[in-house]
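J.: Positions 687 to 800 (the working numbering) are the ones given, in order, by the sequence shown.
Just so it is clear, CB atoms sit at the ideal spot from N, CA and C, and this is done for glycine as well.
Quick caveat, the model's predicted, so the values are computed rather than measured.
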Amino acid sequence: MWRQVVTESGFQAGCPVLAVSIEENASPQALMAAADAFRTWSGQLAASLEEHGVASGRARSLAHLCVSAAEGAVAMCRAQRSIDPLDDVAAELTALLQAATEDPEMRHTVHNRG
């Protein structure tokens with residue numbers, strides 16, 4: 687979806703939730719709505735990963751990574767006027783999620799938060 691949005695807008699469109707999140711003068715209500723949107727997206731993805739056998743903590747961590755990576759990739763695409771960052775992130779996340787859902791050992795691995 688993001689590939690189409692970014693390319694069809696000539697690298698002008700991005701995620702309005704991210705835009706609100708980084709807006710210096712965003713209202714507390716707008717920031718709360720953005721936070722809720724990110725929580726919802728991450729929660730839905732985590733739930734889906736859990737349905738595919740990924741442990742709860744690992745699913746939450748992977749969901750945060752996916753949402754963050756996609757948001758960052760869209761921002762990079764806009765800045766660079768290139769779809770390459772999104773394509774690279776999509777390929778890497780696909781491989782990571784396949785490993786997490788197919789490899790029993792990867793289902794529980796959560797890296798130390800140092």
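(1) Return helix, strand or coil for Gly800, following the three-state DSSP convention.
(2) Starting from Glu778, trace the alpha helix (DSSP H) both ways and give me its first and last residue.
(3) Three or more beta-carbon pairs under 8 angstroms between the segment 708-721 and the segment 775-792, yes or no?
(4) Rank Glu788, Leu782, Cys763, Thr780 by C-alpha distance to the C-alpha of Gln690 and give the top, closest one.
(5) How long is the line joining the alpha carbons of Ala741 and Ser747, rounded to whole angstroms?
(6) State buried or exposed for Glu694, treating a residue as buried only when at least 16 other CB atoms are found within 10 Å of its CB.
(7) Please go through the same chain and pick out, in chain order, the residues whose beta-carbon is closer than 8 angstroms to the beta-carbon of Ala765, but skip the five residues on each side of it.
T.: Once the coordinates are examined:
(1) With a pLDDT of 46 at Gly800, under the threshold of 50, the modelled position of that residue is not reliable, and no figure is offered here.
(2) Residues 770-788.
(3) Cβ pair count under 8 angstroms is below three, so no.
(4) Comparing Cα positions, the closest option is Cys763.
(5) Annotation: Ala741 to Ser747 spans about 10 angstroms, alpha carbon to alpha carbon.
(6) The residue is exposed, with fewer than 16 neighbouring Cβ atoms inside 10 Å.
(7) If we look at Ala765 and ignore the five residues flanking it on each side, it has no Cβ neighbours.
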